[in-house]
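Heads up, the thing below is written out as structure tokens.
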Amino acid sequence: MNINSKIESSKKIKELDLNKFPEQIFKIGEEEKINDFLQKNPADFYAIRDKSKAGGVFKLKVAADKVLEEIDGYNLFSINVSSANYVDNQLLVGEIEFLSNGEVYAILSLNPAASVRDAIKKPDFNLKTTIFDKELSRIPHFDYIYKYISDNNLYDIIVEFALFDKEVGEKKEKVIVYELRTNY
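Each residue of the sequence shown is one higher than the one before, starting from 503 at the first, in this note's numbering.
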């Protein structure tokens, strides 16, 4: 599986029927569509992400009444219900890759307020190891994430995710997948 952009990642998450927060991609000038999305997906906070390039501007916690103000400067972007609405429920966040040869790469945070970017900047765990490493048992909820990756056949893919202590997202599951990456 090759995933070459954020747009391809969004499509692959949908195609694989993975759990995510309600999200829609918009272009500049689509304020009416944005208002429709906000009405259909009421929340206190939303995230706005640049979808035109990797590492683009990302706003994790935008109050519902400020969304239209905060989209200035974006040409292609997504708006989704923010994980900030579940800060009291987040258990683990970061990115992880299980390779089919048994190698594991993980950058993870236990900070309930952290985004994936925060986890990468200040990880509680930053590992390059194998699935047989006993150190993995020190990571809270590691088995849950491993089972999720295995059940969904997400090997050889970097998975950006968060784990919550309650069911959230469109499919009402404990794991949210933010992004899948292979070639970007």
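Note that the Cβ used here is the ideal one computed from N, Cα and C, for glycine as well.
My output table needs one value for L594: the three-state DSSP class, helix, strand or coil.
DSSP, reduced to helix, strand and coil, places L594 within a strand of the structure shown.
Write down every uninterrupted run of the alpha helix (DSSP H) in the stretch 539-606 whose length is 4 residues or greater and which is fully enclosed by it, in chain order.
569-572
Buried versus exposed call for R551 [16 or more other C-beta atoms within 10 Å across all chains shown]:
buried
Buried or exposed for F573, going by 16 or more other Cβ atoms inside 10 Å?
The sequence as given places Ile at residue 573; Phe does not occur at that position. Buried: at least 16 other Cβ atoms inside 10 Å.
CB I647 to CB I598, shorter than 8 Å?
yes
Using DSSP's beta-bridge definition, name the partner residues of V670.
E675
So if DSSP puts A664 in a beta bridge, which residue, or which two residues, is it bridged to?
V595 and I678
Burial state of K673 (16 or more Cβ within 10 Å):
By the Cβ neighbour-count rule, K673 is exposed, with fewer than 16 other Cβ atoms within 10 Å of its own.
At the level of alpha carbons, what is the spacing between F627 and E534?
42 Å
Can you pull the DSSP bridge partners for T632?
E605
Keeping to the same chain, check which residues put their C-beta closer than 7 Å to that of N521; ignore five residues upstream and five downstream.
G671, E672, K673, E675, V677, I678 and V679
Among I641, S507 and I515, the one whose alpha carbon lies nearest that of G557:
Comparing Cα-Cα distances from G557 to each of I641, S507 and I515, the minimum goes to S507.
Are there 16 or more other CB atoms within 10 angstroms of the CB of Q592, so buried, or fewer, so exposed?
buried
Specify, as a first and last residue, the run of the beta strand (DSSP E) that I527 falls within.
According to the DSSP assignment, I527 belongs to the beta strand (DSSP E) that extends over E525 to K529.
Quick check: the Cα distance between L570 and I633, rounded to an integer number of angstroms?
45 Å
Euclidean distance between Cα positions of N543 and K568:
15 Å
Check the C-beta distance from F600 over to I651 and give it rounded, since I have them as a contact under 8 Å.
5 Å
Can you check whether the CB of A621 is closer than 8 Å to the CB of L610?
yes
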